[in-house]
Amino acid sequence: EVQLLESGGGLVQPGGSLRLSCAASGFIFNNYAMTWVRQAPGKGLEWVSAISGSGGSTFYADSVKGRFTISRDNSKNTLFLQMNSLRAEDTAVYYCVKGVPAGGGRDYFDYWGQGTLVTVSS
Amino acid sequence: DIQMTQSPSSLSASVGDRVTITCRASQGISNNLAWFQQKPGKAPKSLIYAASILHTGVPSKFSGSGSGTDFTLTISSLQPEDFATYYCQQYNIYPRVTFGPGTKVDIK
C-alpha cells in the first residue's frame, strides 16, 4: 500500500524558514518523480515544485523560485522541501504527490499525502 | 502557462442526479488531463487520468471525456459520498502542471 506522510509544518514568522518532509512507502521511491502541491486556506490547488526520481532534475513555480529547494534522499525514501524567506502568501497546506510516467516526459499524479499546514504570520 | 477553467463553479444536485462538470484549457493539451475529488479537510483523491481512464478503485459511476481543449467529468448517479469539490488539471506541460479553480458539488 502506497503511503505518503508529510511532516514539518507549523507557525513561522515572515522571513523565517521551515523544512517539510514526506516519508514514502509502498513503492520503489527512486523510480518516481515527486511533486509538492499547496492549497491556501479556502483556495484551489497550486503546483509548487517537482523533482525527478534520481533527484538530478528540479523544477519550481515562479512564486517560490529562489526561496524554496526541493530534494530527496532515496536511501531513506524521503522527499523534502526547504522553504526560506517565507511570506504570508506561502500560508497553505502542502501536499506531496507521487507521479506516474505517462509517456512523452509527462507524469500524471496518483497518490497524495494527507498534507501539512504551514502558517506564516507574525 | 496553460490556464484551466471549469464550469460551473458550483452546483446543487440531488442524490441520484446525473452531474456533468466542464473543464477547458487555454490551449490544446491532447488528452493529458486529470480529475481530482476533494472533500473538506481532506487531501485530493485522484479519479481520472488521460482524460478518461479511471484510477484503480474509482467507481464506474465516474467517467471522463474530451481531448484538445474541452473536457467533461460526469457522475452518472450522485451519491451522498460524492458531494465534494472537483478539480481538473493539465499535465501536458509537465512538470508545470496547472489546475482548474474547482467545482463544488453540494446537496440541493
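Going line by line, the protein sequences match chains A and B. So that you can map any letter, position 108 of the first sequence is 108 in the numbering used here, and since no number is skipped, the others follow by simple counting. So that you can map any letter, position 66 of the second sequence is 1066 in the numbering used here, and since no number is skipped, the others follow by simple counting. C-beta atoms are modelled at their ideal positions from N, C-alpha and C, and glycine is treated no differently.
For residue i, three-class secondary structure by DSSP
i	result
residue 1081(B)	helix
residue 1050(B)	coil
residue 187(A)	Given that chain A is displayed from residue 1 to residue 122, the structure contains no residue 187(A) and the question cannot be resolved.
residue 90(A)	helix
residue 1027(B)	coil
residue 1108(B)	coil
residue 1094(B)	coil
residue 1001(B)	coil
CB-CB length for residue i against residue j, believed under 8 Å
i	j	result
residue 1029(B)	residue 1002(B)	6 Å
residue 21(A)	residue 78(A)	6 Å
residue 108(A)	residue 98(A)	Between residue 98(A) and residue 108(A) the Cβ distance is about 10 Å, and since that is not below 8 Å, they are no contact.
residue 1042(B)	residue 1036(B)	11 Å between Cβ atoms; not a contact.
residue 1015(B)	residue 1079(B)	6 Å
residue 47(A)	residue 1024(B)	Not confirmed; about 19 Å, so no contact.
residue 1051(B)	residue 1067(B)	6 Å
Contact under 9 Å by Cβ, residue i with residue j
i	j	result
residue 39(A)	residue 120(A)	no
residue 15(A)	residue 85(A)	yes
residue 6(A)	residue 114(A)	yes
residue 61(A)	residue 33(A)	no
residue 45(A)	residue 1087(B)	yes
residue 1012(B)	residue 1106(B)	yes
residue 1084(B)	residue 1104(B)	yes
residue 9(A)	residue 100(A)	no
residue 1034(B)	residue 1091(B)	yes
residue 53(A)	residue 30(A)	yes
Min CB distance residue i to chain A below 9 Å
i	result
residue 1064(B)	no
residue 1098(B)	yes
residue 1094(B)	yes
residue 1045(B)	yes
residue 1101(B)	yes
residue 991(B)	For chain B, the structure presents residues 1001 to 1108; residue 991(B) sits outside this window and is missing.
residue 1071(B)	no
residue 1086(B)	no
residue 1034(B)	yes
Any chain D beta carbon closer than 9 Å to residue i
i	result
residue 5(A)	Going by chain labels, chain D is absent from the structure shown, which instead holds the protein chains A and B.
Below-9 Å beta-carbon distance, residue i vs any chain B residue
i	result
residue 35(A)	yes
residue 64(A)	no
residue 100(A)	yes
residue 27(A)	no
residue 38(A)	no
residue 32(A)	no
residue 80(A)	no
residue 61(A)	yes
residue 90(A)	no
residue 46(A)	yes
residue 23(A)	no
residue 106(A)	yes
Worksheet entry | Complete beta strand (DSSP E) runs within the segment 2-83 of chain A (minimum length 3 residues, chain order) | 3-7, 10-12, 18-25, 34-39, 45-51, 58-60, 68-73, 78-83
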